[in-house]
Amino acid sequence: PAGSVFGMLGPNGSGKTTLIRMLLGLTTPTSGSVELLGLPVPGGLATTLPDVGALVEGPGFHPFLSGRENLRRVAATEPRLAPGEVRPAVGAALERVGLAAAAGRRFRGYSLGMKQRLGLAAALLVPRRLVVLDEPTNGLDPAGTREIRTIVAELRAGGATVLLSSHLLSEVEAVCTHVAVLKQGTLLAAGPLDRLLGAA
Numbered sequence: 002p003a004g005s006v007f008g009m010l011g012p013n014g015s016g017k018t019t020l021i022r023m024l025l026g027l028t029t030p031t032s033g034s035v036e037l038l039g040l041p042v043p044g045g046l047a048t049t050l051p052d053v054g055a056l057v058e059g060p061g062f063h064p065f066l067s068g069r070e071n072l073r074r075v076a077a078t079e080p081r082l083a084p085g086e087v088r089p090a091v092g093a094a095l096e097r098v099g100l101a102a103a104a105g106r107r108f109r110g111y112s113l114g115m116k117q118r119l120g121l122a123a124a125l126l127v128p129r130r131l132v133v134l135d136e137p138t139n140g141l142d143p144a145g146t147r148e149i150r151t152i153v154a155e156l157r158a159g160g161a162t163v164l165l166s167s168h169l170l171s172e173v174e175a176v177c178t179h180v181a182v183l184k185q186g187t188l189l190a191a192g193p194l195d196r197l198l199g200a201a
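So for the sequence shown, our numbering puts the first residue at 2; every next one is plus one.
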């Protein structure tokens, strides 16, 4: 639902990332159809993708560039950022994910958690209607996990819808309002989190 934090819960191999990739037009379904923000995929992607921020399967950046330089390259391709808005948007995104102090370091020297944070910063360069986070706390320490949860809560408070995948029930319970449970590509249950927990 719009304005919710929707968790996809399931063990590794349950189809969470595949479903996200189909939603974003990165993988073509062998049957059925997909809609993103009410428009068909892939036909409507040019219209919908600027409204979507995504972190899928770990971020891919240039190893010899700094975090800031990598993010500037991403921001330069963002259709909703004018050239004069790139630098402040990059600075704000780095600050938001706690990477401002490490922004000058080369990406190859980043820890897994720092790489996740930079990927999240790229997804949050401009306001989004939908933010898709595939295992966003992967590699993060407890403090980093709390920061991600805070960002998710801020996104929802700002009116965005968040789609989050995890194999950890505790993670879903901590941040999600709704949940879908997947196993081997099959939807087992879906609905408001409190209702599903009450039925468990």
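Backbone N, C-alpha and C fix where the C-beta goes; we use that ideal spot for every residue, glycine too.
Is residue i buried or exposed, if buried means 16 or more other CB atoms sit within 10 Å of its CB?
| i | result |
| --- | --- |
| Q185 | exposed |
| P12 | exposed |
| H63 | exposed |
| E148 | buried |
| F108 | buried |
| P60 | buried |
| T1 | Beyond the ends of the chain as shown, which are 2 and 201, falls residue 1; an answer cannot be given. |
Whole angstroms are fine: how far does the CA of residue j sit from the CA of residue i?
| i | j | result |
| --- | --- | --- |
| L189 | R106 | 44 Å |
| A124 | R22 | 15 Å |
| R118 | T29 | 28 Å |
| E155 | T162 | 11 Å |
| E174 | E86 | 37 Å |
| R88 | G192 | 41 Å |
| A104 | E172 | 28 Å |
| G160 | L131 | 9 Å |
| A76 | L25 | 19 Å |
| L50 | V133 | 11 Å |
| S224 | V98 | Residue 224 lies beyond the range of the chain shown here (2 to 201); nothing can be said about it. |
| T18 | V35 | 15 Å |
| G14 | H168 | 10 Å |
| R74 | L95 | 14 Å |
| V180 | R150 | 16 Å |
| D242 | G114 | Limits of the chain in this structure are 2 at one end and 201 at the other, which puts residue 242 out of reach. |
Nearest by alpha-carbon distance to residue i: which of the options is it?
| i | options | result |
| --- | --- | --- |
| E79 | V6, L134, P128, P143 | P128 |
| A3 | V153, R157, L10 | R157 |
| L165 | L121, M115, R88 | L121 |
| L27 | L46, S15, C177 | L46 |
| G140 | S112, V153, I152, L126 | S112 |
For the alpha helix (DSSP H) that residue i lies in, which residues bound it at each end?
| i | result |
| --- | --- |
| P89 | 87-97 |
| T151 | 143-158 |
| L1 | In the structure as shown, the chain starts at 2 and stops at 201, and residue 1 therefore has no counterpart that could be examined. |
| G68 | 68-77 |
Can you tell me the Cβ-Cβ gap for residue i and residue j, rounded? I've got them flagged as a contact below 8 Å.
| i | j | result |
| --- | --- | --- |
| V182 | L10 | 5 Å |
| V57 | D135 | 5 Å |
| G44 | C177 | Not quite, the Cβ-Cβ distance comes to about 30 Å (not below 8 Å), so this is no contact. |
Along the chain, where does the beta strand (DSSP E) containing residue i start, and where does it finish?
| i | result |
| --- | --- |
| V182 | 179-184 |
| A123 | Counting along the chain, A123 falls outside any beta strand (DSSP E), though it belongs to the alpha helix (DSSP H) covering 113-124. |
| S167 | 162-167 |
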